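Numbering (my numbering), first residue to last: 7 to 356.
Ideal Cβ positions, reconstructed from N, Cα and C, are used throughout, including at glycine.
Fair warning: this is a prediction, and the values are worked out from it, not measured in the lab.
Written below as structure tokens is the structure these notes are about.
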């Protein structure tokens with residue numbers, strides 16, 4: 007996989023053109039959603055990319071569906087796309103997930119590159135080669151491992167994000183710090199989320215991308231060490247899916263991951279003797295910046311049922327990634343139902 011290239015709006019068009027020429031693509035397709043088209047594509051001189059075909063889908067993770075996927079395939083067929091065509095996925099994690107899946111499966115694979123427009127996508131969804139759609143209310147239930155030909159990060163796009171979406175991406179960056187080293191974790195905890203200094207953020211983004219690439223390169227198919235990246239996600243994904251089922255709206259991924267991190271660090275203290283100061287620091291950080299996740303103990307069973315369907319499980323057992331210390335990861339940790347409920351108690355009562 008090519009390493010991520012970090013650039014600005016002017017350099018982005020040049021970088022896409024260079025990839026198009028490198029891959030000798032016969033057609034260019036830009037996949038985006040209506041919000042990204044209005045907020046981000048409008049900032050670019052897309053005439054420099056002509057000729058190209060624009061494919062637009064509805065925004066939001068609730069639209070990362072089989073229906074949206076088939077609409078993309080239909081357009082590719084109608085417009086005469088070939089295996090040598092290039093799909094440029096311009097958007098957040100939903101676009102890189104569904105766009106990568108569409109490209110990976112169309113004619114058994116066409117070229118694609120990711121251009122993340124959110125902080126979350128830049129440090130997580132756009133890199134690593136996981137592509138997917140949601141199915142039957144389960145996140146990322148159907149998908150492939152398919153590496154993009156390139157990832158191009160334009161930090162100018164991050165100025166279009168509201169505070170909640172910035173925080174959503176920052177949660178994944180905190181996770182990367184927890185599974186890598188104390189120095190990066192200290193940098194993350196000292197970053198001023200109110201001023202959102204883009205210059206300092208660029209350095210943190212580069213470090214976070216390198217953390218993810220290091221795990222992905224060692225374990226591209228998520229069979230071993232890459233599972234470190236699942237920290238916070240077993241409970242986090244369940245909270246995210248539950249919020250949609252119960253309230254009909256999506257809890258932002260990073261918010262779910264942040265409270266998933268708190269719950270799973272609690273389990274890390276209980277099962278792996280993680281220093282409680284790390285848990286308390288994360289709890290304070292989560293409460294100050296991410297608010298609370300409102301749920302009651304009556305809802306534990308439904309959240310648990312969602313967890314049972316997690317892709318990381320095997321033979322009905324729920325497996326977690328836990329920490330013995332910052333950068334000291336323990337994968338494939340089987341946690342009982344009672345222990346999971348205890349962790350949910352900690353989150354709810356905190």
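What does the alpha-carbon distance come out to for the pair residue i and residue j?
i: residue 226; j: residue 118; result: 18 Å
i: residue 96; j: residue 123; result: 7 Å
i: residue 346; j: residue 273; result: 8 Å
i: residue 308; j: residue 156; result: 39 Å
i: residue 355; j: residue 173; result: 23 Å
i: residue 36; j: residue 49; result: 15 Å
i: residue 276; j: residue 236; result: 18 Å
i: residue 33; j: residue 78; result: 15 Å
i: residue 10; j: residue 223; result: 13 Å
i: residue 64; j: residue 289; result: 35 Å
i: residue 121; j: residue 68; result: 21 Å
i: residue 233; j: residue 317; result: 11 Å
i: residue 115; j: residue 340; result: 36 Å
i: residue 196; j: residue 301; result: 30 Å
i: residue 80; j: residue 110; result: 15 Å
i: residue 66; j: residue 285; result: 31 Å
How close, in whole Å, do the beta carbons of residue i and residue j come, if the pair is a contact with beta carbons under 8 Å?
i: residue 247; j: residue 144; result: 7 Å
i: residue 130; j: residue 56; result: Actually they are not in contact, since the Cβ atoms of residue 130 and residue 56 sit about 31 Å apart, beyond 8 Å.
i: residue 3; j: residue 128; result: Since the displayed the chain opens at 7 and closes at 356, residue 3 lies outside it and no answer follows.
i: residue 101; j: residue 162; result: Actually they are not in contact, since the Cβ atoms of residue 101 and residue 162 sit about 17 Å apart, beyond 8 Å.
i: residue 267; j: residue 181; result: 6 Å
Sorted by chain position, which residues of the same chain lie with C-beta nearer than 8 Å to residue i's C-beta, five sequence neighbours on each side aside?
i: residue 139; result: 70, 71, 72, 74, 75, 103, 104, 107, 146, 147, 148, 149
i: residue 19; result: 50, 51, 52, 54, 55
i: residue 265; result: 241, 242, 245, 292, 296, 299, 353
i: residue 252; result: 305, 308
Closer than 7 Å by C-beta to residue i: which residues in its own chain qualify, once you throw out the five before and the five after it? Chain order, please.
i: residue 43; result: 62
i: residue 295; result: 173, 199
i: residue 167; result: 124, 125
i: residue 134; result: 218, 222
Spatial neighbours of residue i within its chain, please: CB distance less than 6 Å, with the 5 preceding and 5 following residues excluded, ordered by chain position.
i: residue 113; result: 89
i: residue 186; result: 217, 333
i: residue 445; result: Residue coverage of the chain in this structure runs from 7 to 356, which leaves residue 445 outside it and unanswerable.
i: residue 400; result: Nothing can be reported for residue 400, as the shown portion of the chain is limited to 7 through 356.
i: residue 337; result: 233, 327
i: residue 250; result: 256
For chain B, check one thing: does any of its Cβ atoms lie closer than 8 Å to the Cβ of residue i?
i: residue 69; result: Protein chain content of the structure displayed is limited to a single chain, and chain B is not contained in it.
Taking the Cβ atom as the reference point for each residue, do residue i and residue j lie within a distance shorter than 8 Å?
i: residue 334; j: residue 160; result: no
i: residue 164; j: residue 204; result: yes
i: residue 281; j: residue 331; result: yes
i: residue 91; j: residue 183; result: no
i: residue 171; j: residue 45; result: no
i: residue 328; j: residue 278; result: yes
i: residue 85; j: residue 59; result: yes
### Query
In chain order, which alpha helix (DSSP H) runs of at least 4 residues are fully inside the stretch 282-334?
282-296, 306-314
### Task
Just list the beta strand (DSSP E) runs in the stretch 204-275, keeping only unbroken ones of 3 residues or longer that don't cross its boundaries, in chain order.
none
### Message
My parser needs the alpha helix (DSSP H) runs of 4 or more residues fully inside the stretch 183-207; what are they?
### Response
188-196
### Task
Within the stretch 43-99, note down every full beta strand (DSSP E) run reaching 3 residues or more, in order along the chain.
59-63, 92-97
### Task
Report the residue ranges of all alpha helix (DSSP H) runs contained in full by the stretch 13-41; include only those spanning at least 4 residues, in chain order.
15-28
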